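A.B. asks: Just dropping this structure here.
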Amino acid sequence: MDIDSTQDIDNTLAIDRSGAGLVARVANATKSYGAGAGSVHALDDVSIGIRAGQFTAIMGPSGSGKSTLMHIMAGLDSVTAGRVWLGDTEITALGDAQLTILRRRRVGFVFQSFNLVPTLDVSGNILLPFELDGRKPSAEEREWVDHLIDSLGLGDRLTHRPHELSGGQQQRVAIARALGTRPDLIFADEPTGNLDSRTGREVLALLAAASVSYGQSIAMVTHDPIAAGYADRIVFLADGRVVHERERSTPEEISSYMLGMEQRA
Ligand SMILES: Nc1ncnc2c1ncn2[C@@H]1O[C@H](COP(=O)(O)OP(=O)(O)OP(=O)(O)O)[C@@H](O)[C@H]1O
333 MDIDSTQDID
343 NTLAIDRSGA
353 GLVARVANAT
363 KSYGAGAGSV
373 HALDDVSIGI
383 RAGQFTAIMG
393 PSGSGKSTLM
403 HIMAGLDSVT
413 AGRVWLGDTE
423 ITALGDAQLT
433 ILRRRRVGFV
443 FQSFNLVPTL
453 DVSGNILLPF
463 ELDGRKPSAE
473 EREWVDHLID
483 SLGLGDRLTH
493 RPHELSGGQQ
503 QRVAIARALG
513 TRPDLIFADE
523 PTGNLDSRTG
533 REVLALLAAA
543 SVSYGQSIAM
553 VTHDPIAAGY
563 ADRIVFLADG
573 RVVHERERST
583 PEEISSYMLG
593 MEQRA
């Protein structure tokens with residue numbers, strides 16, 4: 333869908349404002365840095381939602397506001413104006429302590445640089461979100477984590493430290509860690525940025541499978557049309573605004589849209 337037309341903009345906003353079936357959303361979100369003539373609008377009146385059970389890619393040129401949007405939806409950063417919800421909870425005005433608890437319980441993260449704790453082994457890294465929440469996994473959660481460990485092929489690596497693993501294995505640990513608490517939403521920030529293309533495709537297939545098999549909602553920031561080709565829906569940002577969104581597309585279709593975007597800029 334191209335949201336250049338007024339009708340489409342209305343439709344998009346109507347869906348986002350209802351909040352139904354959305355695991356995170358922003359309404360009229362603006363994020364500005366600095367004041368006066370020199371101010372930068374990292375986000376400029378953005379209204380968008382992440383749909384439950386879907387794998388959503390957020391794309392756009394460098395500086396278009398992708399990371400800012402992700403950080404705001406994850407409660408890692410605040411808006412200058414507008415409103416933000418994580419699930420049904422409005423987080424716009426929550427303080428740091430409340431946001432930290434909400435993030436631990438409702439959000440998982442997968443980063444480009446894996447962000448594993450170097451002093452913990454694989455098992456300790458995967459169970460860290462439970463540890464940080466001050467509890468042990470229940471028997472049912474333990475079963476789920478064991479299932480993840482098996483299906484991600486990490487069973488014979490549990491006592492290894494991150495530096496003893498390949499990049500692909502480290503990212504699989506990060507995915508197991510993110511899925512372990514069954515968060516409402518996983519944010520993945522350029523998850524294949526540090527991987528070779530074959531390993532990157534394996535990681536993307538695992539994320540897509542988590543969305544199909546477990547109904548896991550995932551929002552992924554990426555520059556890469558091949559990565560976005562794994563998503564159910566692709567949201568394009570330019571200059572801090574949502575300029576286009578489309579359902580599942582091939583890498584060629586995505587590249588061609590991006591090329592057109594650069595030519596229009
Ligand atoms: N702390 C900050 N202070 C000032 N400007 C900022 C700050 N953080 C981001 N910006 C600006 O906001 C805009 C959007 O940045 P953002 O990092 O969200 O873009 P991005 O699309 O994620 O870029 P990239 O793909 O390069 O990571 C950019 O112009 C950036 O320079």
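In my numbering, the protein residues as written are 333 to 597. Glycine included, every Cβ here is placed at the ideal spot set by N, Cα and C. Because the structure is a prediction, the values reported are computed rather than measured.
With 16 as the cutoff for other CB atoms within 10 Å, does T513 come out buried or exposed?
C.D. replies: buried
A.B. asks: Does the contact criterion of 3 or more C-beta pairs under 8 Å hold for the region 476-495 versus the region 400-415?
C.D. replies: In short, these stretches do not touch, since the Cβ pair count stays below three.
A.B. asks: Under the criterion of a Cβ to heavy atom distance below 7 Å, does A280 qualify as lining ligand 1?
C.D. replies: No statement about residue 280 is possible, as the shown extent of the chain runs from 333 to 597 and does not include it.
A.B. asks: For the alpha helix (DSSP H) holding S364, just list the boundary residues, first then last.
C.D. replies: Taken as a continuous stretch (DSSP letters only), S364 belongs to no alpha helix (DSSP H), being part of the beta strand (DSSP E) at 354-365.
A.B. asks: Compute every distance between the C-beta of H479 and the non-hydrogen atoms of ligand 1, then say whether any falls below 7 Å.
C.D. replies: no
A.B. asks: Please report how far the alpha carbon of K468 lies from the alpha carbon of G368, in whole angstroms.
C.D. replies: 50 Å
A.B. asks: Could you tell me how far apart the beta carbons of T388 and I507 are, in whole angstroms, since I believe they sit closer than 8 Å?
C.D. replies: About 17 Å separates the two Cβ atoms, so there is no contact after all.
A.B. asks: Please confirm whether L418 and D571 have their CB atoms less than 8 Å apart.
C.D. replies: no
A.B. asks: With 16 other CB atoms within 10 Å as the buried threshold, where does V433 fall?
C.D. replies: Note that residue 433 is Ile in the sequence shown here, rather than Val. Looking at its Cβ environment, which holds fewer than 16 other Cβ atoms inside 10 Å, I433 is exposed.
A.B. asks: Buried or exposed for Y365, going by 16 or more other Cβ atoms inside 10 Å?
C.D. replies: exposed
A.B. asks: So L354 packs on G381, CB below 8 Å; how close in whole Å?
C.D. replies: Correct: roughly 4 Å between the Cβ atoms.
A.B. asks: Given that a residue counts as buried once 16 or more other Cβ atoms are within 10 Å of its Cβ, and exposed if not, what is G466?
C.D. replies: exposed
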